[in-house]
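The structure appears right after this line, and notes come after that.
There are 2 protein chains.
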Amino acid sequence: MSTNRQYRLAHRPVGAAQETDWDLVTEPVPDPGDGQFVVQLQQLSLDPAMRGWMNAGKSYIPPVEIGQVMRAYGTGAVVASRHPDFPVGELVTGEFGVQEYALSDGRGVRRIDRELPVPTSAYLGLLGLTGLTAYFGLLDVGRFQSGQTVVVSGAAGAVGSTVGQIAKLHGGRVIGIAGGTEKCRYLVNELGFDAAIDYKSENVRQALRAHAPGGVDVFFDNVGGDILDDGLLRLAQGATVVICGAVSQYNSTAGAQGPNNYLALLIARARMEGFVVTDYEDRYAEAIDALAQWLADGRLHNVEDIVHDSILAFPRTLTRLFTGENTGKLILELERMA
Amino acid sequence: MSTNRQYRLAHRPVGAAQETDWDLVTEPVPDPGDGQFVVQLQQLSLDPAMRGWMNAGKSYIPPVEIGQVMRAYGTGAVVASRHPDFPVGELVTGEFGVQEYALSDGRGVRRIDRELPVPTSAYLGLLGLTGLTAYFGLLDVGRFQSGQTVVVSGAAGAVGSTVGQIAKLHGGRVIGIAGGTEKCRYLVNELGFDAAIDYKSENVRQALRAHAPGGVDVFFDNVGGDILDDGLLRLAQGATVVICGAVSQYNSTAGAQGPNNYLALLIARARMEGFVVTDYEDRYAEAIDALAQWLADGRLHNVEDIVHDSILAFPRTLTRLFTGENTGKLILELERMA
């Protein structure tokens, strides 16, 4: 077998992650022990949460330690196996890390159903944590009801675009906030959002007033910062602010900027709630069934941004998440060259 | 009859309210029309919320307009009446304004039960909005359960001291945050709090770590600012942050300071929720029954800070709420001299 290239965390970044925060390590591909198997990675999921995993200290999951292979979800094929449930040739998805080959004992690994009329990559997006986050965040944490007005920030991102689509197919009125006219046009024309606000060229506060005159019932926030503050001022009575992430804040060296308008929660008798999708693990099956059906029916677009390159492209591809460059689920599809 | 002195709002304050924000107006005491009565005010309730009512713009209730008598709750005696339900001599409580005599048609006015072994002033505190705010904020919004750890900011204030006592008599572990050793000693020695943190001399973040090693289940916030931020870092999984007020922020000219640590809501899967007690109006009777019983049984201390003076003391007495000077429910008891 060939060698295994992997990215290990070398430094905890200050501000945005840099190329120098990583060590590229080359090792022999491991041999599986009893009850183990080796996966050759095909696709890596690149997620905003990765930036948080690089920080020290308490969070919803332990940080990646210095010297550890960077955490990442991926898909791949079993290429060597001493595990009865994962024979060679099986397609799988799991938390395999940023590397070309991963050794696994099967814990947390799901088999990919080749019969489903969905691409493998959907297991990293719509049928993976992205779709699950959107599903439980909107329907469970956000308690969304048909007829309500939903505003999604980071609306062109993987989670945001899914939240908006799920709200639409449940009879919601959906307003997306995204950066750039192209993204906004995409949300309205391709994904069926009722309106989109370009935060780069529009006054978000005024635009929300125009598009949500009756107030916002669910504000699904992936972004934080000023956009969250603008959203707080438009809450309908009894609204919910779902705190899913704060991509505008992850690279901040000054610490996160809190929502100065939080007293709007009092005026609107509203609730701001955080959640972590892995808490819903015992209900994943319900959600995946629903999401797969919507995807198969064409009611849900699988919005992907797939970069075809070698693993060496990982550091620079990751930065696209934080510069507003990508639309939809960012995936690095590994090619075997370079 | 004599004249009626009243304070009307002259200017919307910038920062703290000043003497010059008020017009002292002297009018003849009105005659009651059909279905009306006149109350001679005995006690005025002074509340942190008053600062918010002086601001223009949307809030949970309309602002006091320039030239209007300042809004205030009070108790008093009916001294003239053409209303069958409120004969002369009746003791009543209601939103009568900052004045010596008020004309009323009975809407929102409650009769004071002279049979109950509680002082009249309790109707402005424990049996009024203060007690109701503490009761519904802790038990309903906060979903407090026996055995949980509760942290109350502004703990020596009227609402805060009541929240802590209600949590104690329901089997909670209660930590108060207040300013000064005297207040802290009072909370622990007189009111039975398990611990008190003096934010003026202690590092609140460290003290919370020491007093709530297992995390905080309910953080009842009256204060905002840095203390809210410190509390967010100690939340237990599934915690609730009850946003009752933000007395540290009301006089801020730079706008409120948002909780920069709000992403702790995500890590702790926690919820921050605002409420307004008047939404619970149809459940007031349940709460007042419970509060009156606890008060009569001596299980609840009626913590009052009564200033005996004429109505001319209103402007300077109000400022005590924002300078950390008062403990418990602040009441101006009107004396009939100058």
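So the protein lines, in turn, are chains A and B. The opening position of the first sequence corresponds to residue 1 in my numbering, with each subsequent residue numbered one higher. The opening position of the second sequence corresponds to residue 1001 in my numbering, with each subsequent residue numbered one higher. From the three backbone atoms N, C-alpha and C, an ideal C-beta is built for every residue, glycine too.
If residue i sits next to residue j, beta carbons under 8 Å apart, how far is it from one beta carbon to the other, in whole angstroms?
i       : j       : result
A:F314  : A:V25   : Wrong, their Cβ atoms sit about 13 Å apart, outside the cutoff.
A:Y123  : A:T75   : 6 Å
B:Q1257 : B:G1224 : 7 Å
A:P28   : A:L103  : About 11 Å separates the two Cβ atoms, so there is no contact after all.
A:V39   : A:F96   : 6 Å
A:L139  : A:A292  : At roughly 16 Å, the Cβ-Cβ gap does not stay under 8 Å, so A:L139 and A:A292 are not in contact.
B:F1220 : B:G1137 : 6 Å
B:A1296 : B:V1118 : 7 Å
B:E1304 : B:S1121 : 6 Å
By the criterion of Cβ-Cβ separation under 8 Å, what are the contact partners of residue i in chain A?
i       : result
B:R1005 : Residues of chain A passing the Cβ test: none, with the nearest at roughly 33 Å.
B:S1153 : Chain A residues near B:S1153: none, gap ~14 Å exceeds 8 Å.
Once the 5 residues before and after residue i are set aside, which same chain residues still bring their CB inside 8 Å of it?
i       : result
B:D1034 : R1082
A:S146  : H170, G171, G172
A:T181  : D198, S201
B:E1019 : P1315, R1316
Where residue i and residue j are concerned, what is the direct C-alpha to C-alpha distance, given to the nearest angstrom?
i       : j       : result
A:Q68   : B:V1188 : 48 Å
A:D85   : A:H301  : 32 Å
B:V1174 : B:N1326 : 21 Å
B:T1317 : B:Q1042 : 16 Å
B:V1307 : B:G1245 : 23 Å
B:V1141 : B:E1281 : 15 Å
A:L9    : A:P259  : 31 Å
B:G1215 : A:E65   : 25 Å
B:L1332 : B:L1126 : 16 Å
A:D289  : B:M1050 : 53 Å
B:D1113 : B:V1092 : 9 Å
B:Q1036 : B:G1106 : 7 Å
A:R336  : A:N55   : 31 Å
B:R1269 : A:R143  : 15 Å
B:L1208 : B:L1191 : 19 Å
A:P87   : B:N1203 : 57 Å
A:I267  : A:Q206  : 19 Å
A:L334  : A:I227  : 35 Å
B:Q1237 : A:A285  : 24 Å
A:L235  : B:H1170 : 34 Å
B:A1072 : A:D279  : 47 Å
B:G1274 : B:Y1060 : 11 Å
B:A1017 : B:G1255 : 15 Å
A:F322  : B:L1263 : 18 Å
A:P63   : B:V1276 : 39 Å
B:A1210 : A:Q249  : 30 Å
B:G1004 : B:P1048 : According to the sequence as given, residue 1004 of chain B is Asn; it is not Gly. Taking the straight line joining both Cα atoms gives about 25 Å.
A:A212  : B:R1299 : 48 Å
Can we count residue i as close to the ligand MN, meaning its CB is less than 8 Å from some heavy atom?
i       : result
B:G1076 : Ligands displayed in this structure: none; no statement on the ligand MN is therefore possible.
Going along the chain, which residues of its own chain have a beta-carbon closer than 7 Å to the beta-carbon of residue i, five neighbours each way excluded?
i       : result
A:A338  : With a pLDDT of 45 at A:A338, under the threshold of 50, the modelled position of this residue cannot be trusted, and the question is left open.
B:T1130 : A1158, V1159, T1162, K1329
A:M272  : V241, I243, L265
B:S1002 : V1029
A:R179  : Note on identity: in this sequence residue 179 of chain A is Gly, with Arg being the wrong assignment. Excluding positions up to five away in sequence, the list reads D198, Y199, K200, G324.
A:N222  : S153, G154, G157, V159, G160, C244, G245, V247
A:R320  : N326, L330
Kindly list the residues whose CB is nearer than 6 Å to the CB of residue i, restricted to its own chain and excluding five residues on each side of it in sequence; keep chain order.
i       : result
A:H11   : D21
A:E176  : Note that residue 176 of chain A is Gly in the sequence shown, not Glu. Excluding positions up to five away in sequence, the list reads V152, A155, G164, L187, F193, A196.
A:A287  : L132, Y135
B:G1089 : none
A:N261  : D229, L232, L233
A:V79   : V38, Q40
B:G1094 : G1108, V1109
B:A1077 : Q1040, L1091
B:V1150 : A1167, G1172, V1174, V1218
B:D1023 : R1008, A1010
A:C184  : A178, A196, D198
Show which residues of chain B have a CB atom less than 8 Å away from the CB atom of residue i.
i      : result
A:F275 : L1266, R1269
Show which residues of chain A have a CB atom less than 9 Å away from the CB atom of residue i.
i       : result
B:Y1262 : G224, L228, I243, A246, A256, G258, P259, Y262, M272, G274
B:Y1060 : L266, I267, A268, R269
For residue i, which residues in chain A fall below 7 Å Cβ to Cβ?
i       : result
B:D1279 : R269
Length at least 3, wholly inside the segment 280-338 of chain A: the beta strand (DSSP E) runs in chain order: Unbroken beta strand (DSSP E) runs of no fewer than 3 residues, entirely contained in the segment 280-338 of chain A, are found at 304-309, 329-334, following chain order.
In chain order, each alpha helix (DSSP H) run of at least 4 residues that lies wholly inside the segment 21-61 of chain A: For the segment 21-61 of chain A, whole alpha helix (DSSP H) runs of length 4 or above, ordered along the chain, are 49-53.
Beta strand (DSSP E) segments (min. 3 residues) lying fully within the segment 1258-1283 of chain B: Within the segment 1258-1283 of chain B, the beta strand (DSSP E) runs of at least 3 residues that lie entirely inside it are, in chain order, 1271-1274.
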